[in-house]
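These notes are about the structure you will find just below.
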Amino acid sequence: MTHRIVLALAWGFVTACGGSQPGTAPAGAGSNAGGLSGAGGTAVSTGGAGAPAAGQSAGGQSAGGQSAGAGAGGQSGGAGGQSAGAAGQSAGGGGAAGAAGSGGSGGSGGAAPGLTLPIVRGGLDVLEVGPLSFSVDPSKSARIVSFKLDGDELLTDTTANANFFGSTLWTSPADDWVVNGPMFVPQPVVDDQPYTTTVSADGVITATSGPAMTANTHKQFVVTKTFHADLAKNAIVIDYGLKNTGTTMFQLSHWEVTRVFPGGLTFFPTGTTSKLNFLKQLVQVTQAANYTWYDNTTHKMGMGESKAGFDSPGGFIAHVAPHTKGDLLFIKAFKAITAATAPTGHYPIEIYCNDPHTYVELEDHSSYDQIAPGATYTQTVTWYARRLPLGTDRTPGSAALIAAANTTLGK
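Each step along the sequence shown adds one to the number in my numbering, with nothing skipped, and position 224 is 227.
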């Protein structure tokens, strides 16, 4: 059973653009010529809780579990939008796409957007900031099931794979979980079963697993996932906690596995080591402008799965998803580690593609650290989504993409 506790949200907020259907432009999307678009537009909305979703009663019963109260409502209004912060370029300013000083991460000028209420929406917990929307499913291990910008989805759903969709947290090394041969089987309590979830007065979602234990090494732990919106950065911050609930010290790593649609371009600063042939199909990458580039269109369907591992000094993975309204730039930022401190058999950054080529995994690991009994080991990952100007160069070595990533990260 999923246990849901919702505390009434009492702080001020500003709402902006609701999610539009893919392929349509939302009102007030807030893009600026030559720059990235993030939050934008002006909106006024009533944030009251609507009719309950299937499996949810008006008193706050969520699918798979009990809620102690309804999400707070309320009315708000105000100018959305985040000012552009590009080097040498003001909000809404021009500039050729791909220039070193291409636009910042904002949209039309004005105050930064606030958090749209309610957060609890049917069986999901949703952080919505302007056109950015981030959804967590407490009944499915607090899995991240949606990450949208302007209504355009970045994560896969069950149509790509019935089990492996959205973004989840495993623990590494994988050898901890291997049973009956080479198959890696995450424990359901970590990857599939309901988490106890609360929503605080300031809009922080906290989800906690039941007691877990690795299959082979008998490491006992509990997973905690905390999600909140960073309004200043127009981003989502995730804290993954691993608490040692056993009586002996052990080593463990966080393993974030994020599934996106095939056909995109992934890049990150080049490190010193890599492995391109974990599985049957060799992963084809390009080294250009001190970055490693993986064009998923090089994956050949019917030739088997592919997986590669890399170290990287940059502390982020950037992924470009093609879109007719302007490509989407998705970035996951985290603490950089070396191959030497990665969990056994893994690399700091890993990329996997399934066969029949329905999804790609963007994976990041924390360092393989010791956790004392009763202690919690936390890894923080920050997610960003930005709209790129139409016509932005989407090829390995693209100066425009490197500039866009660095601008988004404030580098």
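By construction, the Cβ of each residue, glycine as well, lies at the ideal position given by its N, Cα and C atoms. Fair warning: this is a prediction, and the values are worked out from it, not measured in the lab.
- With contact defined as three or more Cβ pairs closer than 8 Å, the stretch 275 to 284 and the stretch 391 to 404 are not in contact.
- Runs of the beta strand (DSSP E) lying entirely within the stretch 176 to 241 and spanning at least 3 residues, in chain order: 199 to 202, 208 to 211 and 223 to 233.
- In the three-state scheme derived from DSSP, where H, G and I count as helix and E and B as strand, Lys303 is classed as coil.
- Residue state for Ile340 is assigned as coil, using DSSP reduced to three classes.
- If you ignore the 5 residues before and after Gln287, its C-beta comes within less than 6 Å of the C-beta of Thr301, all in its own chain and listed in chain order.
- Counting every other CB atom within 10 Å of its CB across the protein chains shown gives Asn183 a total below 16, marking it as exposed.
- Look at Ile122 here: in three-state DSSP terms it is coil, with no helix or strand label.
- Where Ala378 is concerned, there is no enclosing alpha helix (DSSP H), because DSSP gives it neither an H nor an E.
- In this structure, the straight-line span from the alpha carbon of Pro351 to that of Ala342 is close to 6 Å.
- Here DSSP, grouped into helix, strand and coil, assigns Lys335 to strand.
- The three-state reading of DSSP puts Ala324 in strand, counting E and B together.
- Around Asp233, the same chain offers Ile239, Val240 and Thr385 as residues with beta carbons nearer than 8 Å, after the five sequence neighbours per side are excluded.
- In the displayed model, Ser142 falls within a helix according to three-state DSSP.
- Annotation: Leu245 to Trp258 spans about 11 Å, alpha carbon to alpha carbon.
- For Thr261, the enclosing beta strand (DSSP E) stretches over residues Phe253 to Val263.
- Look at Ala388 here: in three-state DSSP terms it is strand.
- Leu158 has its alpha-carbon roughly 8 Å from the corresponding atom of Phe168.
- Where Thr289 is concerned, the enclosing beta strand (DSSP E) starts and stops at Val288 to Ala291.
- Taking the Cα positions, Thr200 is about 30 Å away from Ala345.
- Boundaries around Leu127 are those of the beta strand (DSSP E), Leu127 to Val132, since no alpha helix (DSSP H) includes it.
- Less than 7 Å separates the beta-carbon of Ser142 from that of Gly126.
- Phe333 sits away from Gly318, with the two beta carbons spaced by 7 Å or more.
- The beta carbons of His322 and Asp155 sit no closer together than 7 Å.
- Judged by their CB atoms, Leu39 and Ala407 are nearer to each other than the 7 Å cut-off.
- In the displayed model, Leu365 falls within a strand according to three-state DSSP.
- The three-state secondary structure of Thr250, taken from DSSP, is coil.
- For Tyr387, the closest C-alpha among the options Ala235, Asn164 and Thr162 is that of Ala235.
- In the structure shown, the three-state DSSP call for Thr161 is coil.
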